[in-house]
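S.K.:
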Amino acid sequence: MTIIKNKNLPNDKIVFVAFSELKGMGRTRGLNISHIWGFSKKVNMKYITDWYHKALSLIPPRYYVMEEKLGQIHQANINMLLITKSYKSFRYQFSLPLRGQRTKTNAKTSKHHRELKLIQDKIEMRGDVVEGLSKREMKKPVSYTHLTLPTIYSV
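Residue numbers (our numbering): 5 to 159.
(1) Rounding to the nearest angstrom, what Cα-Cα distance links tryptophan 55 and asparagine 83 in this structure?
(2) Just list the residues that DSSP pairs isoleucine 87 with in beta bridges.
(3) By alpha-carbon positions, which one of Val21, Thr107, Gly75 and Lys92 ends up nearest to methionine 49?
(4) When the Cα of alanine 111 is compared with those of Lys121, Ser99 and Leu122, which residue comes out closest?
(5) Does DSSP classify lysine 45 as helix, strand or coil?
(6) Taking a contact to mean a Cβ-Cβ separation below 8 Å, would you say leucine 60 touches threonine 6 in this structure?
(7) Classify valine 19 as buried or exposed, calling it buried when 16 or more other Cβ atoms lie within 10 Å of its own Cβ.
(8) Using only alpha-carbon positions, find the residue among Ile63, Leu26, Gln105 and Leu74 that is nearest to tryptophan 41.
(9) For phenylalanine 23 and glycine 34, which I take to be in contact (beta-carbon distance under 8 Å), what is that distance rounded to the nearest angstrom?
(10) In chain order, what residues of the same chain lie with their CB nearer than 7 Å to the CB of glycine 30, ignoring the 5 residues before and after it?
(11) Exposed or buried, isoleucine 87, counting other C-beta atoms within 10 Å across all chains shown (16 or more means buried)?
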C-alpha cells in the first residue's frame with residue numbers, strides 16, 4: 005500500500021485515479037506521474053511491486069504542492085488580499101461573489117449564509133446560546149434599526 009503525506013492510496017483503483025484522492029493532485033497529474041514511471045492507464049495499484057510503491061510515495065511531495073501546504077498557501081493569499089484592502093478583499097469579507105457575478109437575483113446562498121453569520125454574531129455578543137436556536141429563528145431577518153449614523157456638524 006502506498007502512503008503519501010499520511011494518506012493511504014486505495015489498492016483497488018487505477019494508478020492515476022488513486023493519485024486523485026490526494027488534495028492538490030488530480031487525474032492529470034496522476035496521469036503524468038504514471039506516464040513518467042511507464043505505467044499503462046489501465047494498471048491497478050495492487051499489481052505494482054513494493055519498490056514502485058516506495059518510489060511513488062517519494063515523488064509527489066517533492067515536486068508538487070499538496071495537502072496541508074496547499075491550504076497554507078491558500079490562506080496566505082487570502083490574508084494578503086485582506087491586508088491590501090482591495091475590492092476583492094471587501095467582497096471576500098462580506099461573503100459576496102468575487103468574480104463579477106450578478107447579485108441582484110443570484111447569490112442567494114451566500115447572502116443567506118451572511119445573514120446566518122450576522123445572527124450568530126449578534127447572539128454571541130448578547131451572550132445567548134447559539135445551539136438553543138431553532139432553524140426558523142436563525143432564518144429571521146436581522147434589523148439594523150438600533151444602529152445610528154454619526155452626525156456631521158458644519159461650522
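Just so you know, even glycine gets a beta-carbon here, dropped at the ideal spot from N, CA and C. Values in this document were obtained by computation on a predicted structure and should not be read as measured data.
M.R.: Checking against the coordinates, here is how it stands:
(1) 42 Å
(2) None, per the DSSP bridge assignment.
(3) The shortest C-alpha to C-alpha distance from methionine 49 to any of Val21, Thr107, Gly75 and Lys92 is the one to Val21.
(4) The shortest C-alpha separation from alanine 111 is found at Ser99.
(5) coil
(6) yes
(7) buried
(8) Ile63
(9) 3 Å
(10) Ser24.
(11) Exposed, by the Cβ-count rule.
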